[in-house]
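Numbering (my numbering), first residue to last: 1 to 378. All C-beta atoms, glycine included, are put in the ideal place defined by N, C-alpha and C. Fair warning: this is a prediction, and the values are worked out from it, not measured in the lab.
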Amino acid sequence: MAPKTDVNTTLANSEVVYKYRTAGEISAKVLEEVKALCVDGANLYDICVKGDELLAAETAKIFKGKKVAKGIAFPTAISPNNCVAHLSPISTDPEAKINLKTGDVIKVSLGAQIDGYGGVVADTMVVSGGPIAEGPITGKVADVISAAWYATEVAIRTIKPGNKNWDVTRNVEEVCKAYGCMPAEGMLTHQQGQNVLDGKKQIILNPTEGQKQNFDTVTFEADEVYGLDILVSTGDGKVKQGETRTTIYKKTDLTYQLKMRSSRAVFSEVQKKAGAFPFSVRMLDDPTKGRMGLQECKNHGIVIPYDVHYEKDGEIVAEFFTTVGVTKDGNIKLATAPQPDFSIVKSDKKIENEDLLKVLAEPLKLSKKERKAQEASA
1 MAPKTDVNTT LANSEVVYKY RTAGEISAKV LEEVKALCVD GANLYDICVK GDELLAAETA
61 KIFKGKKVAK GIAFPTAISP NNCVAHLSPI STDPEAKINL KTGDVIKVSL GAQIDGYGGV
121 VADTMVVSGG PIAEGPITGK VADVISAAWY ATEVAIRTIK PGNKNWDVTR NVEEVCKAYG
181 CMPAEGMLTH QQGQNVLDGK KQIILNPTEG QKQNFDTVTF EADEVYGLDI LVSTGDGKVK
241 QGETRTTIYK KTDLTYQLKM RSSRAVFSEV QKKAGAFPFS VRMLDDPTKG RMGLQECKNH
301 GIVIPYDVHY EKDGEIVAEF FTTVGVTKDG NIKLATAPQP DFSIVKSDKK IENEDLLKVL
361 AEPLKLSKKE RKAQEASA
């Protein structure tokens, strides 16, 4: 559903900011509840199901009696160790039998949406025997978590009016190198809008030479929103699609007259339940048949897959996803994971690049003097 043309759907509208923030608060709350379930012996499938139930329950509590669309902006996914992202199995998948074990490094991603404004988050944690991590976390696990977090913080401060997407690409890679890590190749950050998680402006991490040549250069502007997805590997970052079957899809704006009755039924169900947001096959009335019906939809581009990628065995991938609002007064973390506990996560590496350290030291909110200087240079 396209946004209403007579309503300002950017951050210049305080009601839009409120809806983004509310979605972000719900996502952050559910994230913590899901992380508390991620202990030794816990079943990955059960946690994903519970995460989606919590998102639905929390969004149902607000804007009661009003015709405001709300629900899941991104289904719960739990991706361990060298699995990059999007692992969210249905009950019949082999991955549904995965039980977490102490020492697993997992990425937890999920999101809520209010009136089409999505607040998506992702966090990285180390599984322990209970809800409190058994520290210290050292070695390459500490390196990759630190790299992903500080790359996120640098990126947030680089996404500001007048800067370009390649500024973010470069800074993220420099942070990762300081920790002996690499960004995951070709991973994207998208501009967001109402009912849109994959907007026109994009940022790419660790691009190939071909991607560099074909990727658009864009300039950031005030009142934009970005789903900042920072994925970092202890390896070379050259991730590949594995054998894991895809379960997360999203409807596109393309149209096609589906031939199969089963495909038409599934697509109608997707439109009704998920709208323009990514969805898990789990939400379908019959996930097994639904997956078959989605094949024709995918083949003709009316849904796109969120495939499951992997780094090499033995490597670790960390992720932080932050929904970032860009304003003339500085940036806002509309939806975010908490900072890692660096009294437990102890890397023996650090950032020494003075330019990056200056960026990290910048406050998110601009002072009046800084704002005037920015306006003068615009």
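Give the C-beta separation of M283 and K298 to the nearest angstrom, bearing in mind that I take them to be a contact with Cβ-Cβ under 8 Å.
-> Mapped onto the sequence shown, residue 283 falls at position 283. Mapped onto the sequence shown, residue 298 falls at position 298. No, M283 and K298 are not in contact; Cβ-Cβ is about 17 Å, not under 8 Å.
Could you tell me if S343 is buried or exposed, where buried requires 16 or more neighbouring beta carbons within 10 angstroms of its beta carbon?
-> The count along the sequence shown starts at 1 and reaches residue 343 at position 343. Looking at its Cβ environment, which holds fewer than 16 other Cβ atoms inside 10 Å, S343 is exposed.
Within the region 301–354, note down every full beta strand (DSSP E) run reaching 3 residues or more, in order along the chain.
-> 303–306, 317–327 and 330–335
Taking all protein chains shown into account, do 16 or more other C-beta atoms lie within 10 angstroms of the C-beta of V196, making it buried, or fewer, making it exposed?
-> Counting from one through the sequence shown, the residue named residue 196 turns up at place 196. Counting Cβ neighbours within 10 Å, V196 comes out buried, since at least 16 surround it.
Apart from the five residues on each side of it in sequence, which residues of its chain come closer than 6 Å, Cβ to Cβ, to A77?
-> For this step, residue 77 is matched to residue 77 along the sequence shown. Taking C-beta separations shorter than 6 Å and ignoring five residues to either side along the sequence, the partners of A77 in its chain run H86, L87, S88 and S109, following chain order.
Tell me S88's beta-bridge partners as DSSP assigns them.
-> As a working note, residue 88 is residue 88 in the sequence shown. For S88, DSSP records no beta bridge to any residue.
Beta-bridge pairing of D117 - partner residues as DSSP gives them = The count along the sequence shown starts at 1 and reaches residue 117 at position 117. Note that residue 117 is Tyr in the sequence shown, not Asp. Partner(s): I114.
Would you mind reading off the limits of the beta strand (DSSP E) that contains I72?
-> Here residue 72 corresponds to residue number 72 of the sequence shown, with the count starting at 1. K70 to P80 is the span of the beta strand (DSSP E), which, as asked, contains I72.
So Q191 is in the alpha helix (DSSP H); what residue range does that whole segment cover?
-> For the purposes of this step, residue 191 is taken as residue 191 along the sequence shown, with counting starting at 1. Per DSSP, Q191 belongs to no alpha helix (DSSP H); it is in the beta strand (DSSP E), L188 to Q192.
What is the residue span of the beta strand (DSSP E) that D229 lies within?
-> In the sequence shown, residue 229 corresponds to position 229, counting from 1. Element bounds for D229: V225 to S233.
So, G119 versus S27, is the Cβ gap smaller than 7 Å?
-> On the sequence shown, residue 119 is found 119 positions in, with the first residue counted as 1. On the sequence shown, residue 27 is found 27 positions in, with the first residue counted as 1. Yes, these two residues count as a Cβ contact at 7 Å.
According to DSSP, is S109 helix, strand or coil?
-> Translated into the one-based positions of the sequence shown, residue 109 becomes position 109. Reduced to three states, the DSSP call for S109 is strand.
Compare the C-beta of G135 with all C-beta atoms of chain B and state if any pair is closer than 7 Å.
-> Here chain B cannot be found, since the structure has a single protein chain.
Buried versus exposed, by CB contacts within 10 Å (16 or more), L357 = Taking the first residue of the sequence shown as 1, we reach residue 357 at position 357. That one is exposed.
Could you check if D341 is buried or exposed, using at least 16 other CB atoms within 10 Å of its CB as the buried criterion?
-> To locate residue 341, count along the sequence shown from 1; it is residue 341. Residue burial annotation: D341 is exposed, with fewer than 16 other C-beta atoms found within 10 angstroms of its C-beta.
If you draw a straight line from the C-alpha of N353 to the C-alpha of A178, how long is it?
-> In the sequence shown, residue 353 corresponds to position 353, counting from 1. In the sequence shown, residue 178 corresponds to position 178, counting from 1. In a straight line, the C-alpha of N353 is about 8 Å away from that of A178.
Indicate whether the contact test is met: 3 or more Cβ pairs, each with one atom in the region 140–148 and one in the region 200–212, closer than 8 Å.
-> no
What three-state label does DSSP hand S128 in the structure shown?
-> Position 128 of the sequence shown, counting from 1, holds the residue named residue 128. Correct three-state label for S128: coil.
From this set, L366, Y45, V326 and D348, which residue's C-alpha is nearest Q191's C-alpha?
-> As a first step, residue 191 is located in the sequence shown; it is residue number 191 there, counting from the start. Q191 has its Cα closest to that of V326, out of L366, Y45, V326 and D348.
D46 by DSSP, collapsed to three states: which one?
-> For the purposes of this step, residue 46 is taken as the residue at position 46 of the sequence shown. Note: D46 maps to helix in three-state DSSP.
Assigned secondary structure, T247 (DSSP; H/G/I helix, E/B strand, else coil) = For the purposes of this step, residue 247 is identified with residue 247 of the sequence shown, where counting begins at 1. It is coil, neither helix nor strand.
Taking Cβ positions, are F383 and D229 nearer each other than 7 Å?
-> The structure shown does not extend to residue 383, since the chain is modelled only from 1 to 378, so the question has no answer here.
If you count every other CB in all the chains shown that lies within 10 Å of the CB of K160, and 16 or more means buried, which is it?
-> Within the sequence shown, numbered from 1, the residue matching residue 160 stands at position 160. Buried.
Pick from M260, P305 and T169 that is closest to K212, judged by C-alpha positions | Counting from one through the sequence shown, the residue named residue 212 turns up at place 212. Of M260, P305 and T169, the residue nearest in Cα terms is T169.
Determine the closest residue to N312 out of I156, G162 and G235, with distance taken between C-alpha atoms.
-> The residue you call residue 312 lines up with position 312 of the sequence shown. In the sequence on display, residue 312 carries Lys and not Asn. That would be G235, whose Cα lies nearest to the Cα of K312.
Exposure of T323, with buried meaning 16 or more beta-carbon neighbours within 10 Å = Counting from one through the sequence shown, the residue named residue 323 turns up at place 323. Looking at its Cβ environment, which holds 16 or more other Cβ atoms inside 10 Å, T323 is buried.
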